[in-house]
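Step one of this worksheet: look at the structure below.
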Ligand code: UD1
Ligand code: UDP
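Written out as structure tokens, the structure is:
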């Protein structure tokens, strides 16, 4: 029996790895699955895991309020050493491009255990955008044995970097497996504060490169949009103090702006489904929105997920106040343009990433 170690630490890793963990646990005689939570995130990662009924086998519980990259990186890497000694995995799974992803892959490499990288090959080729995620995923790509790319574009990026083609697989994104599994039976949640006569703009934002002046311009744009009587804004605020502080200061107590706590995954999916427009800098939300046919404005200058931009449903608006207001106004006031950009499609996955990854893993073990 092979032991698979899943190292995860943040909300998006929990949402995107949970369906895969559950999938491998369906074959208990072939795979022993160990879930190690670094605790890079605390409340919001447990919030995400609980939706899938998962509890960690190891919880390093490392989050510090307002942690710096130095603190999270050094603490997570050191704390993983005894986990590898104890679990003795045959393969380590990491996902995406967070500090936990980098530390999980590095700890595995130091332990001579091969790494499977889920959502491999995303690139902007700009180390500052997103920071530090672009560097994290490039570094993980150098020490990965199984590159599990969601899309053909991501796979080509890896091949162009010289990654051996027989180590790259195109699997679809496991986040879309999670979304399609949950959306099929998603209940309707009660949102007493929502006014059905208004168009709801769902907002999220937490990227480090937008902290400071970028966040101020973003909030000013939201204030201007909220002054319209036909609009309301719902903003589940990320718990990072660099986000929460400025957002609450700029947008608290505005009648058409609802600043709410980070939502459990299911109600958040319901909010996406009910929204008119999504304005976000989140990677995961950019991938999920197209499944509901929602036009998405991305408050970033570059994206590592160009497929939905090419398909026309996602548009990059950066943190330029006028541009955000202008682009949102087009969608709010021009029904033809809105219809053109609200097509249901999903270039990131078809809900079958987990069985494809299982197949790749079985072939890999058979080849050893
Ligand atoms: C991290 C990832 C980012 C990912 C995001 C998803 C890195 C470098 N960044 O950014 O790629 O898109 O998660 O949300 O890995 N906090 C809480 N409770 C929580 C979670 C966070 O209070 O449950 C607060 C803490 O004060 C913490 C801070 O948020 O110190 C920042 O958390 P951190 O994981 O360092 O960065 P994120 O901005 O969340
Ligand atoms: N999400 C959630 N609750 C929220 C906001 C987002 O469950 O209040 C989900 C969202 O559906 C997506 C994931 O969290 O699956 C995205 O996480 P985040 O934006 O924190 O990180 P990123 O994807 O940018 O790395």
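Residue numbers (our numbering): -1 to 366. For every residue, glycine included, the Cβ atom is placed at its ideal position computed from N, Cα and C.
Hey, is residue 70 close to the ligand UD1, as in C-beta under 7 Å from one of its heavy atoms?
yes
Proximal residues to residue 119 (C-beta, below 7 Å), its chain only, five neighbours per side dropped:
145, 147, 152, 153, 155, 156
Cβ of residue 263 versus every heavy atom of the ligand UDP: is any distance shorter than 7 Å?
yes
Anticipated Cβ contact below 8 Å, residue 87 with residue 32, distance rounded
7 Å
Report buried or exposed for residue 258, applying the criterion of at least 16 other Cβ atoms within 10 angstroms of its Cβ.
exposed
Where residue 53 sits in the DSSP three-state scheme
coil
Does the separation of the CB atoms of residue 115 and residue 133 fall below 8 Å?
no
Taking residue 228 as the reference, which of 260, 199, 217 has the closest Cα?
199
Beta-carbon spacing of residue 304, residue 207 below 8 Å
no
What did DSSP end up calling residue 172 once you bin it into helix, strand or coil?
helix
Looking at the structure shown, is residue 256 part of a helix, part of a strand, or coil, going by DSSP?
strand
Please state if the CB of residue 113 and the CB of residue 142 are separated by a distance shorter than 8 Å.
yes
Alpha helix (DSSP H) runs wholly inside the region 87 to 168, at least 4 long, in chain order:
97 to 108, 131 to 140, 150 to 158
Once you ignore the five residues that flank residue 276 on each side, which residues in its own chain have a CB closer than 6 Å to its CB?
200, 287, 292, 294
List the endpoints of the continuous alpha helix (DSSP H) containing residue 216.
211 to 224
With a CB to CB cut of under 6 Å and the five nearest residues on each side skipped, what residues in its chain are close to residue 233?
201, 257
Three-way DSSP call (helix, strand, coil) for residue 30 in this model
strand
With DSSP as the reference, label residue 342 as helix, strand or coil.
coil
Give a single yes or no on whether residue 353 has its beta carbon closer than 7 Å to a heavy atom of the ligand UD1.
no
I'd like to check one pair, residue 296 with residue 312: are the Cβ atoms closer than 8 Å?
yes
My understanding is that residue 95 touches residue 215, with C-beta atoms under 8 Å, so please give their C-beta distance in whole angstroms.
25 Å between Cβ atoms; not a contact.
Under a Cβ-count criterion, where at least 16 other Cβ atoms within 10 Å of its own Cβ denotes burial, should residue 329 be classed as buried or exposed?
buried
If residue 2 sits next to residue 107, beta carbons under 8 Å apart, how far is it from one beta carbon to the other, in whole angstroms?
So it is not a contact: roughly 16 Å between Cβ atoms.
Secondary structure of residue 360, DSSP reduced to three states:
helix
How would you label residue 182, buried or exposed, when you count the other beta carbons within 10 angstroms and need 16 or more for buried?
exposed
Given a cut-off of 8 Å on the beta-carbon distance, is the pair residue 169 and residue 12 in contact?
no
For residue 411, the first and last residue of its enclosing beta strand (DSSP E):
Any question about residue 411 goes unanswered here, given that the chain covers just -1 to 366.
Could you check whether residue 37 and residue 7 sit closer than 8 Å to each other, using their CB atoms as the reference points?
yes
Could you name the residues of the same chain whose beta carbon sits closer than 6 Å to that of residue 236, not counting the 5 residues immediately before and after it, in chain order?
204
Report the partner residues of residue 199 according to the DSSP bridge assignment.
231, 275
Are the CB atoms of residue 75 and residue 101 within a distance shorter than 8 Å?
yes
Output the boundary residues of the beta strand (DSSP E) element that contains residue 366.
Neither: residue 366 is in no beta strand (DSSP E) and is coded neither H nor E.
Do you know how far the Cα of residue 348 is from the Cα of residue 327?
32 Å
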